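Colleague: Residue numbers (my numbering): 130 to 210. The structure follows.
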Amino acid sequence: MVANDILNEDVSDFATRLEAMTSDEVFAAMSSLEKHSEDDIRDREEILSRITLVEEEIERRFPGQTLTPYRDWKKEQPLLS
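Here is the structure:
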């Protein structure tokens, strides 16, 4: 999933789709959005609002763990140059 695809999708559609994603897909979306937020400041507010949606979905799936499952997932990912 590419951040541009996520950003072009209607926010309500994205929020609905998040619920149906696997945890790996949710984490990949978060990672993609984080990378995009570092690269492009033009749409930072839009990116941050979507990051918030993903954070809320992670919290819903892993109550009380904040973003620990995501951080653990990120550590397990191979480094891509």
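Glycine included, every Cβ here is placed at the ideal spot set by N, Cα and C. Small disclaimer: the values here were computed from a predicted structure and weren't measured.
#1: Indicate the three-state DSSP secondary structure (helix, strand or coil) for P198 in the structure shown.
#2: For F191, report the span of its alpha helix (DSSP H) as first-last.
#3: Cutting at 8 angstroms between CB atoms, please list the residues of its own chain near T181, excluding the five before and the five after it.
#4: For the candidate residues S152, T151, D153, A158, whose alpha-carbon lies nearest to that of E138?
#5: Give the DSSP-derived three-state secondary structure of T181 in the structure shown.
Modeller: Answer, in terms of the structure:
#1: P198 sits in a helix when the DSSP states are folded into three classes.
#2: No alpha helix (DSSP H) holds F191; DSSP gives it neither H nor E.
#3: None.
#4: Answer by Cα proximity: A158.
#5: DSSP, reduced to helix, strand and coil, places T181 within a helical segment of the structure shown.
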